[in-house]
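As structure tokens, the structure follows; a few thoughts come after it.
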Amino acid sequence: MIREWMSIVNHQEIASQTYLLELQGEISSLVKRPGQFVHIQVSSQYFLRRPVSIADVSPVKGTITLLYKVMGDGTEALTNKRIGDKLDIVGPGGNGFPVEQKEGEEALLIGGGIGIPPLYYLAKQLTARGVKVNSVLGYRSKADLFYVEEFKALGSVQLTTNDGSAGKQGFVTDALPSLANIDQYYTCGPSIMLKNVKKKLDGLPGYISIEERMGCGIGACFACVLETTESCGKGYVRVCSDGPVFRPEEVVLS
Amino acid sequence: MRTHVQLPGLQLKNPIMPASGCFGFGKEFAQFYDLSVLGAIIIKAATGEKRFGNPTPRVAETASGMLNAIGLQNPGVEGIIKHELPFLAPYETPVIANVAGSTLEEYGEVAAKLSNGMVQALEVNISCPNVKEGGVQFGTDPERAFEVTRHVKEQTELPVYIKLSPNVTDVVAIAKTVEKAGADGLSMINTITGMRIDPRSRKPIISNQTGGLSGPAIKPIAIRMIHQVFKEVSIPIIGMGGIETTDDIIEYLLAGASAVAVGSANFKNPNICKNLIDELPHTLEKYGFNSVEEAIGGAHY
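Chains as they are written, first to last, in our numbering: chain U, 1 to 254; chain H, 1001 to 1301.
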């Protein structure tokens, strides 16, 4: 993990309040796994950095692609940054998703809203290994859709929206495909979604990526902790450095 | 430029150290720079037993700072001695352990266990605002502050620095009391109790409801308190609260701090301590000082 000033090479709104930010710098060569994140200092006006997961890496261009949603003043201010500007970034942080499935196996990727981006880089890596990827992507409405075509290029996609304006109306858990051939699932999204996915897919091996308010983002401050199950016995673990990806049986989701 | 500072039990090559709770046990920051450059390291608080701390959210951003209510999560004093301190041993930097507890006895027990040669000084945390028992209760009542200082002193040969709370009406009274009880030095200030409320949920953002405010927002309060206390005690002060620049450090030295600790700025910039250490000699020179020592208490005339 390093701190560096990365150059903005692309920055555009790709869906309602959802932006694509492509950054060039050394950090792009340090990403080990999908599901890792970078910690962005928006400006000196915002005391804490904002953690944003990595949606894609281009070793050729030396860039990482981030997709973020405007959630408050900090991310709103981030939308004003222009191509050519430099951003103070610490990363890559966290352990990410293990990419260990074998050729011919099947994976189920379940993403909700702004939890979808890290699953894209994961889907690319899994398909590169010959793993068959099935994605279930949930958005608020049609205006919020992003990267649907990109996921379709990598495998089957089930689409849901809360209001039914695109795909099936409902939640990702209403649109799960047959689990008969699935060897492993991977999920990222709002905590209520993760809780329901964990319940519904009980018994299937999986990985859950968690979001939490962070302080330092490097494991030193113990702000972004998560309760583990009694059988796991680790007490509170750090989302930023022990995670953000955990086994479903390790963590208590509320 | 002479940046060396001598404090009870501590030879510091420079007056800059990370503050307790903002640097873990050093490991995470060792990937950014060589910890040997630091004047000292104050590690995260130790309690008698392992503690899990408060539920999340534990942090909230504020104007020029942040609130935190971690709640002293730590692996317990024995876990720290076994699994955390050995990592710091190879570095040429004195280690100051932060001692916390719910009872007088717990403070004493933790202090005694940490007096095994692995750390060079103790900072006694009588000012944590985020735990139900102990912590700030000891730091806001002069009688209890006296008791805990004396009790810890009886349990250790190490120099004892008492970390004072700003959540008091008369910080000078507490400072004089702990000096009388045998404190070798003071650390000031801990965070100031605060709250933020989310207009949408109508609830405090932090699950503990209140949290400790840190960052540049509290620096003027720390400077004022150190300035007040410096005049009234003869033990040295480690100053902290919102330090982000070497100009901030000069301010602390002039107010009466002999050394400084950098806290939540480590979250903004993991290299901050090293950057400040590199820059301090130039800033001292710029303001006409030949050494750090020359600047200490310079605002008192």
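All residues carry an ideal CB built from backbone N, CA and C; glycine is no exception.
Which whole-angstrom value is the C-beta distance of Ala1145(H) and Ile1192(H), which I expect to be below 8 angstroms?
-> Contact doesn't hold; Cβ gap of about 18 angstroms is too wide.
Which residue spans inside the stretch 1047-1096 of chain H form an unbroken beta strand (DSSP E) run of at least 3?
-> Within the stretch 1047-1096 of chain H, the complete beta strand (DSSP E) runs of at least 3 residues are 1059-1062, 1065-1068.
DSSP on Asn80(U), reduced to helix/strand/coil?
-> Correct three-state label for Asn80(U): coil.
Reduced DSSP secondary structure (H/G/I, E/B, other) of Ala1112(H) = Three-state result, Ala1112(H): helix.
Do you know offhand how far Glu211(U)'s Cα is from Ser28(U)'s?
-> Taking the straight line joining both Cα atoms gives about 22 angstroms.
Residues near Asn1167(H) by beta carbon distance below 7 angstroms, same chain, minus five either side = So the qualifying residues of the chain are Pro1129, Val1136, Thr1140, Ile1192, Thr1193.
Looking only at its own chain, which residues have a Cβ that is under 6 angstroms from the Cβ of Val239(U), when we skip the five neighbours before and after it?
-> If we look at Val239(U) and ignore the five residues flanking it on each side, its Cβ neighbours are Ile210, Glu212, Cys224, Leu226.
Where does Ile218(U) sit, in a helix, a strand or coil, going by DSSP?
-> Here Ile218(U) sits in coil by DSSP.
What do you get for Ser135(U), buried or exposed, if any count of 16 or more other CB atoms within 10 angstroms of its CB means buried?
-> That one is buried.
Going by beta carbon distance, what residues of the same chain come within less than 7 angstroms of Asn1098(H), once the five residues before and after it are set aside?
-> Excluding positions up to five away in sequence, the list reads Ser1020, Ile1042, Ile1043, Lys1044, Ala1045, Ala1046, Glu1123, Asn1125.
Report the neighbours of Gly1024(H) on chain U: residues whose CB is nearer than 9 angstroms to its CB, in chain order.
-> Those within 9 angstroms of Gly1024(H) in chain U are Cys216, Ile218, Gly219, Ala220, Cys221, Phe222.
What are the partner residues of Asn95(U), as DSSP defines its beta bridges?
-> DSSP, once it has assigned bridges, lists no residue as partnering Asn95(U).
Starting from Leu48(U), find everything on chain H with Cβ-Cβ shorter than 8 angstroms and list it in chain order.
-> Contact annotation for Leu48(U) against chain H: Val1059, Glu1061, Met1066, Phe1267, Lys1268 [CB-CB distance below 8 angstroms, chain order].
Taking 8 angstroms as the CB-CB cut-off, is Gly1053(H) touching chain A?
-> Looking for chain A here will not work: the only protein chains present are U and H.
Check whether Gly215(U) and Phe1023(H) have beta carbons under 8 angstroms apart = Going by C-beta atoms, Gly215(U) is not nearer than 8 angstroms to Phe1023(H).
Within-8 angstroms CB hit, Glu212(U) to chain H | At least one CB of chain H lies nearer than 8 angstroms to the CB of Glu212(U).
What is the residue span of the alpha helix (DSSP H) that Glu1232(H) lies within?
-> Per DSSP, Glu1232(H) belongs to no alpha helix (DSSP H) and is neither H nor E.
Below 6 angstroms CB to CB, which residues in the same chain sit around Val237(U) once its five sequence neighbours on both sides are set aside?
-> Leu226, Thr228.
Do Gly96(U) and Thr127(U) have their C-beta atoms within less than 8 angstroms of each other?
-> No, the pair does not count as a contact, with Cβ atoms beyond the cut-off.
Using a Cβ-Cβ cut-off of less than 9 angstroms, give me the residues of the stretch 86-99 of chain U that come near chain H, in sequence order.
-> Those residues of the stretch 86-99 of chain U that come within reach of chain H (Cβ to Cβ, closer than 9 angstroms) are Asp88, Val90.
Checking contacts by CB at 8 angstroms: is Gly1212(H) closer than that to chain U?
-> No, Gly1212(H) lies away from the interface with chain U (no Cβ there is under 8 angstroms from its Cβ).
Please name the residue or residues paired with Pro1204(H) in a DSSP beta bridge.
-> DSSP output for Pro1204(H) lists Ile1197(H) as bridge partner(s).
Would you say the stretch 1254-1267 of chain H touches the stretch 82-97 of chain U, given that touching needs at least three Cβ pairs under 8 angstroms?
-> The stretch 82-97 of chain U and the stretch 1254-1267 of chain H do not touch, with fewer than three beta-carbon pairs separated by less than 8 angstroms.
Are the stretch 10-21 of chain U and the stretch 143-151 of chain U in contact at 8 angstroms, needing three or more beta carbon pairs?
-> With the cut-off at 8 angstroms, the stretch 10-21 of chain U and the stretch 143-151 of chain U touch.
Within chain H, partners of Arg3(U) - CB distance below 9 angstroms | Here the neighbours are Phe1032, Asn1269, Pro1270, Asn1271.
For Glu1232(H), which residues from the same chain have a beta carbon less than 7 angstroms from its beta carbon, with the 5 sequence-adjacent residues on both sides left out?
-> Here Glu1232(H) has Val1172, Ala1175, Lys1176 as same chain residues with Cβ atoms under 7 angstroms from its own Cβ, once five neighbours each way along the sequence are excluded.
Residue(s) in a DSSP beta bridge with Thr18(U) = Under DSSP, Thr18(U) shares a beta bridge with Ala15(U), Lys69(U).
Test item: CB-CB of Gly203(U) and Val172(U) under 8 angstroms = In this structure, Gly203(U) sits away from Val172(U), with a CB-CB distance that is not shorter than 8 angstroms.
Assigned exposure category for His39(U) - 16 Cβ within 10 Å defines buried | It counts as buried.
Rounded separation between Pro190(U) and Thr1169(H) - CA only = Each residue's alpha carbon lies about 44 angstroms from the other.
State the start and end residues of the unbroken beta strand (DSSP E) segment that holds Asn1014(H).
-> Taken as a continuous stretch (DSSP letters only), Asn1014(H) belongs to no beta strand (DSSP E), as it is neither H nor E.
Counting along the chain, where does the beta strand (DSSP E) carrying Met1240(H) start and finish?
-> 1237-1240 is the extent of the beta strand (DSSP E) around Met1240(H).
With 8 angstroms set as the bound, which would you pick, yes or no: does the beta-carbon of Tyr255(U) sit closer than that to a beta-carbon of chain H?
-> With chain U running from 1 to 254 in the structure shown, residue 255(U) is simply not present.
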